[in-house]
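Asker:
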Amino acid sequence: MRKKFSYIQSFGGQRSSTPIWLTIYGDMMTNLMLFFMMLWALTRMSFDAQLAAHASIQKTFIPEQLKITHIKEEKKAVIPEKIVPSKFDESLKIKSDIQGIRIIFDSPILFNLGRAELNPAAVQPLDELSAWLADVPYTVIIEGHTDNTPIKKGLRYSSNWELSLDRARTVVKYFQKKGLDPKRLVLAGYGEYHPLYPNDTAEHKKSNRRIEIYVVYREK
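Take a look at the structure:
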């Protein structure tokens with residue numbers, strides 16, 4: 001049986017016997033390559049540039065009723081000013097990405113060494129933070145972390161895991177006391193197993209002893 005081909009007029013005026021499906025396939029592969037190049041480029045952008053690109057894509061391609069809402073920029077700008085008094089500037093860090101905001105308290109702000117009861121100095125930043133959290137509908141993950149210093153025998157806790165979990169539980173209870181919906185709160189204790197730095201210096205160990213409060217852009 002004679003094969004059927006679709007002929008394409010070339011620039012030189014001669015007809016090519018290239019099947020039409022091969023031309024279409026080539027166009028599809030080119031478009032796919034461009035799409036993945038665009039995705040790769042997005043991963044190299046800054047957070048602000050990603051938000052701008054996301055907003056542009058939403059405006060162009062996504063119907064108004066299906067758009068994902070993110071936390072308002074003015075709310076973001078208020079966080080550092082409200083919950084970071086000047087005396088805590090070096091012990092409290094705030095990081096943001098396209099998924100949420102991570103607020104990191106060095107443990108000495110909130111707890112004494114080896115303890116899970118809140119220090120009096122913790123009241124002000126936690127009060128300011130709970131007031132802000134009351135105004136946003138997002139899930140809040142409270143994570144406890146320690147360094148790798150072994151727990152001494154005879155103390156209340158048998159492991160750093162238990163200590164980190166109890167510290168996170170203390171913060172969760174405080175937020176509940178301030179009126180936050182328990183359904184929005186997630187509790188986690190990681191012990192010494194998710195350090196920010198190697199536990200090789202006193203300064204690194206101090207940074208690894210921390211409470212992280214992760215505000216996720218997901219409504220509960």
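Position 64 of the sequence shown, counted from 1, bears residue number 64 in our numbering, the numbering being contiguous throughout.
Note that beta-carbon positions come from the ideal geometry of N, C-alpha and C, so glycine has one too.
#1: Output yes or no for whether 8 Å exceeds the beta carbon distance between residue 109 and residue 101.
#2: Along the chain, where does the alpha helix (DSSP H) that runs through residue 164 open and close?
#3: Is the segment 134-145 in contact with the segment 184-191, if contact means three or more CB pairs nearer than 8 Å?
#4: Applying the criterion that 16 or more other CB atoms from any shown protein chain within 10 Å of the CB defines a buried residue, is residue 74 buried or exposed?
#5: If we count the other Cβ atoms within 10 Å of its Cβ and call it buried at 16 or more, is residue 218 buried or exposed?
#6: Check for me: the alpha helix (DSSP H) holding residue 194 runs from which residue to which?
#7: Helix, strand or coil: how does DSSP classify residue 68 here?
#8: For the alpha helix (DSSP H) that residue 110 lies in, which residues bound it at each end?
#9: With distances taken Cα to Cα, identify the nearest neighbour of residue 168 among 152, 140, 179, 150.
#10: Going straight from the alpha carbon of residue 214 to that of residue 105, what length do you get?
#11: Express the C-alpha separation of residue 137 and residue 156 in angstroms, rounding to a whole number.
#12: State the Cα-Cα distance for the pair residue 162 and residue 201, rounded to the nearest angstrom.
#13: Tell me which same chain residues have a C-beta within less than 8 Å of the C-beta of residue 180, skipping the five on either side of it?
#14: State the start and end residues of the unbroken beta strand (DSSP E) segment that holds residue 93.
Answerer: In short, the structure shows the following:
#1: Indexing the sequence shown from 1 puts residue 109 at position 109. Indexing the sequence shown from 1 puts residue 101 at position 101. Between residue 109 and residue 101, the gap from beta carbon to beta carbon reaches 8 Å or more.
#2: As a first step, residue 164 is located in the sequence shown; it is residue number 164 there, counting from the start. It spans 160-177 - the alpha helix (DSSP H) in which residue 164 sits, taken as one unbroken run.
#3: Between the segment 134-145 and the segment 184-191, the count of C-beta pairs closer than 8 Å reaches three or more; the two stretches touch.
#4: Mapped onto the sequence shown, residue 74 falls at position 74. Interpretation of residue 74 is limited by its pLDDT of 39, a score under 50 that renders its predicted location unreliable; no figure is taken from the coordinates.
#5: Your numbering for residue 218 matches position 218 in the sequence shown. Flag for residue 218 reads exposed.
#6: Your numbering for residue 194 matches position 194 in the sequence shown. Counting along the chain, residue 194 falls outside any alpha helix (DSSP H), and DSSP gives it neither H nor E.
#7: On the sequence shown, position 68 is the one that residue 68 refers to. Because residue 68 sits at a pLDDT of 41, beneath the cut-off of 50, its placement in the model cannot be relied upon, and the following sentence gives the value as read from the coordinates. Looking at residue 68 - three-state DSSP - the assignment turns out to be coil, as it is neither helix nor strand.
#8: Taking the sequence shown and counting its residues from 1, one reaches residue 110 at position 110. It spans 107-110 - the alpha helix (DSSP H) in which residue 110 sits, taken as one unbroken run.
#9: As a first step, residue 168 is located in the sequence shown; it is residue number 168 there, counting from the start. For the set 152, 140, 179, 150, the Cα lying nearest the Cα of residue 168 is the one of 140.
#10: Residue numbering aside, residue 214 sits at position 214 when the sequence shown is read from its first letter. Residue numbering aside, residue 105 sits at position 105 when the sequence shown is read from its first letter. Each residue's Cα considered, the two are about 11 Å apart.
#11: Your numbering for residue 156 matches position 156 in the sequence shown. Your numbering for residue 137 matches position 137 in the sequence shown. Cα-Cα distance, rounded: 36 Å.
#12: Taking the sequence shown and counting its residues from 1, one reaches residue 162 at position 162. Taking the sequence shown and counting its residues from 1, one reaches residue 201 at position 201. About 23 Å.
#13: Indexing the sequence shown from 1 puts residue 180 at position 180. Closer than 8 Å at the Cβ level, and outside the excluded window around residue 180, lie 130, 133, 134, 140.
#14: Looking up residue 93 in the sequence shown gives position 93. Per DSSP, residue 93 belongs to the beta strand (DSSP E) from 92-96.
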